[in-house]
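A.B. asks: Following the numbering used here, the numbering of the sequence shown begins with 43 at its first residue and continues without gaps.
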Amino acid sequence: MSDVAPTGHENTAAAGFTVPLNLSPSRVSSFTSCPMQFRFSSIQKLPEPPGVATTKGTIVHRALELLFVRPAAERTPDALVADLDTALTEYGTHPDYVGLRLDDDAAASFRRDCSTLTERYFAMEDPTSVREIGLELWLTAPVGALTLRGIIDRLELDEHGGLVVTDYKTGRAPSGRYEQKSLAGVHFYAFLCHAVFDRIPAKIRLMYLQTGETIETVPSAQSVRFITTRTKAVWTAIERACTTGEFRPNTSNLCNYCAFQQWCPAFDGNPDDAEAEARAAYEALIAAEPVAVGAR
Numbered sequence: 043m044s045d046v047a048p049t050g051h052e053n054t055a056a057a058g059f060t061v062p063l064n065l066s067p068s069r070v071s072s073f074t075s076c077p078m079q080f081r082f083s084s085i086q087k088l089p090e091p092p093g094v095a096t097t098k099g100t101i102v103h104r105a106l107e108l109l110f111v112r113p114a115a116e117r118t119p120d121a122l123v124a125d126l127d128t129a130l131t132e133y134g135t136h137p138d139y140v141g142l143r144l145d146d147d148a149a150a151s152f153r154r155d156c157s158t159l160t161e162r163y164f165a166m167e168d169p170t171s172v173r174e175i176g177l178e179l180w181l182t183a184p185v186g187a188l189t190l191r192g193i194i195d196r197l198e199l200d201e202h203g204g205l206v207v208t209d210y211k212t213g214r215a216p217s218g219r220y221e222q223k224s225l226a227g228v229h230f231y232a233f234l235c236h237a238v239f240d241r242i243p244a245k246i247r248l249m250y251l252q253t254g255e256t257i258e259t260v261p262s263a264q265s266v267r268f269i270t271t272r273t274k275a276v277w278t279a280i281e282r283a284c285t286t287g288e289f290r291p292n293t294s295n296l297c298n299y300c301a302f303q304q305w306c307p308a309f310d311g312n313p314d315d316a317e318a319e320a321r322a323a324y325e326a327l328i329a330a331e332p333v334a335v336g337a338r
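Now the structure itself:
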């Protein structure tokens, strides 16, 4: 990863972007990965074309949420099949699904992939033994003038009454060298649990449904304090960028998947053109008639 030298387009926008007063794990990650991408997505809030992987993840998350709404004894594989059907139906006319513009074959493949992910879940744990106390749980906590916020996929109690934060992932598990970095989001949730409930979770974990792997760790008072320190530092950098208008691009292999690449100065684009052009492109994309979810 390397910083990109100025190309003439970085500072063409007038300085004085509104400084965000809240941060989530994804926003912190976005800014540290690429300030320019953060400007587009979190400051200007430009719409992004929906992606197959992201939409698939949203639907699988919803199916698992529905599974855990059921009484413990009813959390069976057949129940999850029904819950996935419900989730697919709910999202069948959603812009994030419609915008994928899937034909019948692609829609059927999309559904099969969702089914594979939910089927693999049952090989990872027994949902009837889970003592959930929160699903898609929204938590916020003040840190000075800043509000930290996040949505926990599942908060539960272990056999000793300790809190456990579980976060579902539908991508592949990272290699060993990136495991600690992958846990940054759930460490953020541990901070929120401490701030809201005055309890540090006994365990935080990531469940990778694509590979059937679970990565977990035990947070500590030190790791909770680190989240506060790191987030304050990131917010200070965001505040400075908003004041000066200088959001530097940071090139990496992630650039290949960035929806805003054509407006990025690292690729000879002009960030000022993104406001109108990105919105127009998104509106054109979702203007198509909804595509029904493919049959199994």
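Quick reminder that beta carbons are idealized off the backbone N, C-alpha and C, glycines included. Since this is a predicted model, take the numbers as computed values, not measurements.
1. Compute the Euclidean distance between the alpha carbons of residue 68 and residue 218, then round it to the nearest angstrom.
2. Beta-carbon separation of residue 284 and residue 79 under 7 Å?
3. Report the rounded CA-to-CA distance for residue 167 versus residue 256, giving the unit in angstroms.
4. I'd like the span of the alpha helix (DSSP H) that includes residue 147, first residue to last.
5. From which residue to which residue does the alpha helix (DSSP H) around residue 227 run?
6. DSSP on residue 99, reduced to helix/strand/coil?
7. With distances taken Cα to Cα, identify the nearest neighbour of residue 202 among 211, 243, 108 and 264.
8. Pop quiz: residue 328 and residue 141 are said to be a contact at Cβ under 8 Å. What is the actual Cβ separation, rounded to whole angstroms?
9. Determine the direct distance from the alpha carbon of residue 309 to that of residue 178, and round the result to whole angstroms.
10. Can you tell me whether residue 322 is helix, strand or coil according to DSSP?
11. Evaluate residue 239 with the Cβ neighbour count: other Cβ atoms within 10 Å of its Cβ, from every protein chain shown; 16 or more gives buried, anything less gives exposed.
12. From the DSSP output, in three-state form, read off residue 117 for me.
13. Could you say which of 192, 224 and 228 lies nearest to residue 208 if we only look at CA atoms?
14. Any idea what DSSP makes of residue 135, helix, strand or coil?
15. Would you kindly check if the distance between the Cβ of residue 192 and the Cβ of residue 181 is under 7 Å?
16. Please state whether DSSP places residue 218 in a helix, a strand or coil.
17. Can you tell me which of the three DSSP states residue 182 falls into?
18. Evaluate residue 66 with the Cβ neighbour count: other Cβ atoms within 10 Å of its Cβ, from every protein chain shown; 16 or more gives buried, anything less gives exposed.
19. Would you check if the distance between the CB atom of residue 230 and the CB atom of residue 175 is smaller than 7 Å?
20. Are the Cβ atoms of residue 77 and residue 117 separated by less than 7 Å?
21. Tell me which same chain residues have a C-beta within less than 6 Å of the C-beta of residue 104, skipping the five on either side of it?
22. To the nearest angstrom, report how far apart residue 126 and residue 106 are at their CA atoms.
23. Apart from the five residues just before and just after residue 254, which ones in its own chain have a Cβ nearer than 8 Å to its Cβ?
24. In the DSSP output, what is residue 209 paired with across the bridge?
25. Determine the direct distance from the alpha carbon of residue 291 to that of residue 88, and round the result to whole angstroms.
26. Leaving out five residues on either side along the sequence, give the residues of the same chain with a beta carbon under 8 Å from the beta carbon of residue 189.
C.D. replies: Judging by the given coordinates:
1. 21 Å
2. no
3. 10 Å
4. 146-163
5. 226-239
6. helix
7. 243
8. Going by Cβ atoms, the distance from residue 328 to residue 141 rounds to 5 Å, so yes, they are a contact pair.
9. 38 Å
10. Helix, per DSSP.
11. exposed
12. coil
13. The alpha carbon of residue 208 has as its nearest neighbour, out of 192, 224 and 228, the alpha carbon of 228.
14. For residue 135, the three-state secondary structure derived from DSSP is coil.
15. In this structure, residue 192 lies closer than 7 Å to residue 181 by Cβ.
16. helix
17. strand
18. buried
19. no
20. No Cβ-Cβ contact shorter than 7 Å links residue 77 with residue 117.
21. 129
22. 8 Å
23. 162, 165 and 166
24. 248
25. 16 Å
26. 63, 64, 65, 182 and 183
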